[in-house]
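There are 2 protein chains.
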Amino acid sequence: MAEQREQQQTRTRRRVRTSHSIEAVLAAAVGILDESGAQGLTIRALATRLGGGPASIYWYVSGRDELLDLAADSVLAGVLNDVSDVGGGDPIDDLRTIAVAMFDAIVDRPWLGAYAMRDTGQQVNSRKLYEKIGEQVMRLELSPRQCFHGTSAIVGFVIGTAADMGQEPPAAVVSGEMDRDDYLAGATAEWRALDPAEYPFIHHIVDEFATHDDRDQFRAGLDLLLAGLRLTAGR
Amino acid sequence: MAEQREQQQTRTRRRVRTSHSIEAVLAAAVGILDESGAQGLTIRALATRLGGGPASIYWYVSGRDELLDLAADSVLAGVLNDVSDVGGGDPIDDLRTIAVAMFDAIVDRPWLGAYAMRDTGQQVNSRKLYEKIGEQVMRLELSPRQCFHGTSAIVGFVIGTAADMGQEPPAAVVSGEMDRDDYLAGATAEWRALDPAEYPFIHHIVDEFATHDDRDQFRAGLDLLLAGLRLTAGR
DNA sequence: ACCTGAACACCGTTCAAGT
DNA sequence: ACCTGAACACCGTTCAAGT
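Order-wise, the sequence lines are chains A and B.
The opening position of the first sequence corresponds to residue 1 in the UniProt record's numbering, with each subsequent residue numbered one higher.
The opening position of the second sequence corresponds to residue 1 in the UniProt record's numbering, with each subsequent residue numbered one higher.
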């Protein structure tokens with residue numbers, strides 16, 4: 001009789017207890033992150049979005065840190081997929097393609113910069129991406145040590161630059177692009193107001209800064225790094 | 001009479017109200033950061049250390065974010081001082097010297113990576129360091145645009161790499177080096193356990209990873225970037 | 001000018017208990 | 001196996017009031 005009621009509940013009764021899955025949890029987390037950034041992703045907000053209580057989250061994840069790591073890694077699956085065909089061309093060109101794909105993903109999702117590629121033990125896609133980059137470097141026929149250094153440098157540069165650019169402006173606005181332009185204009189004005197004798201370099205490049213595009217800036221830096229790598233590889 | 005009492009209080013009576021200064025606030029903040037990392041720096045912990053209430057902090061600083069920014073920047077004064085004599089030699093060598101000084105500072109204080117050089121509007125020393133790096137790049141006789149890109153690349157690489165290396169391990173230990181070695185050993189073991197067919201690169205460099213030194217790794221990457229810059233400058 | 005007291009509106013995390 | 005309820009021990013920030 002108890003069994004019968006049990007079955008009836010399972011079959012017909014409206015679920016009173018919400019039930020998720022790790023995929024649903026991470027998808028909801030990414031949704032919140034996209035809307036309100038890392039600051040907005042609270043355990044409680046996530047639980048509310050999933051229709052349950054905060055404690056339920058801890059069944060899927062050990063804590064907020066792991067949640068952030070896994071959410072970031074889940075998004076990298078898309079990047080990995082985008083570059084799945086890369087690997088047959090010139091190694092340096094392939095490296096550029098992969099790095100740009102990663103950068104673009106972080107530009108789309110500024111919160112990614114701080115959590116992507118942090119722990120390859122836990123983050124499967126981060127590890128696969130690291131491997132993928134490393135495999136291109138391997139084709140340059142360098143020593144293991146040089147391979148290791150080259151790969152680390154590329155990853156460090158991509159994540160570092162992207163994280164820096166993806167930072168929320170001091171005023172902490174998580175909205176449209178009007179604010180971004182305002183921020184740039186404000187910073188430019190501040191720079192122009194500096195003493196030219198004390199800040200010759202800043203005055204020298206302030207016009208470039210005023211009109212710069214993050215993507216161009218990233219690519220220019222990446223090309224410097226890749227030029228150095230090509231030089232080291234002697235090809 | 002009220003004035004008289006006022007004076008007496010000021011002169012002779014034991015102060016019941018604690019009084020600080022922005023310097024004292026930042027010094028205390030740096031102390032907490034060094035001991036317990038960014039997570040440990042709460043407004044309340046800082047107030048307690050200063051012997052006052054949490055609200056008093058807000059007289060000196062607009063909030064926790066600004067506190068972190070200013071604390072980080074205050075530490076960069078030391079770096080700036082360490083490189084004050086740099087600037088007369090080969091531009092690329094000078095750039096390396098400055099970059100290594102910054103890196104070393106962040107290795108000493110892992111929390112620095114996330115807050116240094118974030119907002120040159122508010123962070124005076126960050127701005128001066130950016131200027132200093134830029135001035136060396138200027139000596140390479142590149143276009144303003146190339147100067148801007150080169151300088152940004154170096155800063156991005158230093159901060160990015162250092163921030164990545166300075167991350168607290170997943171287990172979040174803020175203590176000695178035995179833990180750091182344990183962490184490295186654990187990660188190495190995980191890598192060795194991966195399928196060699198799926199992860200040829202990781203297996204190719206795992207021995208390097210196991211014995212690597214963060215500083216060497218940083219310098220190797222920096223040299224790639226500087227080699228690219230030198231190539232672009234044609235000297 | 002600079003600080004206190006006290007509150008407001010949150011947090012992450014835990015754990016016994018339920019289903 | 002997976003979730004709820006309810007609590008614990010915190011947070012950052014504000015603001016009237018004091019000195």
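Even for Gly, the Cβ is constructed at its ideal location relative to N, Cα and C.
- Counting every other CB atom within 10 Å of its CB across the protein chains shown gives Pro91(B) a total of 16 or more, marking it as buried.
- For Arg96(B), same chain residues with a beta-carbon under 7 Å away, outside a window of 5 residues either side, are Leu222, Leu226 in chain order.
- Per DSSP, the continuous alpha helix (DSSP H) segment holding Pro200(B) begins and ends at 200–211.
- Exposed is the label assigned to Ser62(A), since fewer than 16 other Cβ atoms lie within 10 Å of its Cβ.
- Around the beta-carbon of Ile32(B), 16 or more other beta-carbon atoms lie within 10 Å, marking it buried.
- Setting aside the 5 residues that flank it on each side, Ala71(A) is surrounded in the same chain by Leu26, Ala29, Val30, Leu33, Leu41, Tyr115, each with a C-beta closer than 8 Å to its C-beta; the list follows chain order.
- Residues of the region 87–99 of chain A with a C-beta less than 9 Å from any C-beta of chain B: none at all.
- Residue contact check for Glu23(A) against chain B: no CB pair falls below 8 Å.
- Listed in chain order, the non-local C-beta contacts of Leu229(B) below 6 Å within the same chain comprise Gly150, local neighbours out to five positions each way being set aside.
- In the structure shown, Thr188(B) falls within a helical segment according to DSSP collapsed to helix, strand and coil.
- Segment contact: the region 68–82 of chain B against the region 117–127 of chain B, three or more CB-CB distances shorter than 8 Å; contact assigned.
- Taking CB atoms only, Asp213(A) has no neighbour in chain B less than 8 Å away.
- The DSSP assignment places no complete beta strand (DSSP E) segment of no fewer than 3 residues inside the UniProt domain "HTH tetR-type" (19–79) of chain A.
- With contacts defined as CB atoms closer than 8 Å, Val107(B) and Asp94(B) fail to qualify as a contacting pair.
- Arg44(B) and Tyr60(B) have their C-alpha atoms roughly 14 Å apart.
- Excluding five sequence positions before and after His20(A), the CB atoms of its chain that fall closer than 6 Å to its own CB belong to Leu50, given in chain order.
- In the displayed model, Glu141(A) falls within coil according to three-state DSSP, outside both helix and strand.
- Rounded to the nearest whole angstrom, the CA to CA distance from Gly53(A) to Asp182(A) is 40 Å.
- Under the three-state reduction of DSSP, Tyr130(A) is assigned to helix.
- Judged by DSSP secondary structure, Gln217(B) falls within the alpha helix (DSSP H) whose first and last residues are 214–233.
- Rounded to whole angstroms, the gap between the alpha carbons of Tyr130(A) and Asp195(A) is 44 Å.
- Judged by beta-carbon spacing, Asp164(A) lies beyond the 8 Å limit of Gly134(B), meaning their Cβ atoms are not closer than that value.
- The three-state secondary structure of Ala197(A), taken from DSSP, is coil.
- Nearest C-alpha to Lys128(A) among Ala220(B), Ile202(B), Glu141(B), Leu142(B): Ile202(B).
- Straight-line spacing of the CA atoms in His204(A) and Gly166(A) works out to 25 Å.
- No Cβ of chain A is located within less than 8 Å of the beta carbon of Ala101(B).
- Assigned with DSSP and collapsed to three states, Tyr115(B) falls in coil, not helix or strand.
- In this structure, Gly78(A) lies away from Ala99(A), with their beta-carbon atoms at least 8 Å apart.
- Counting along the chain, no alpha helix (DSSP H) covers Pro110(B), and no H or E run does either.
- Contact check for Ala153(B) against Ala220(A) passes: the beta carbons are separated by less than 8 Å.
- Our two residues, Gln122(B) and Glu190(A), have alpha carbons roughly 10 Å apart in a direct line.
- Put simply, the backbone Cα of Arg64(A) is about 15 Å away from that of Leu112(A).
- Secondary structure of Ser84(A) (DSSP, three-state): coil.
- It is roughly 18 Å from the alpha-carbon of Ala210(B) to the alpha-carbon of Leu142(A).
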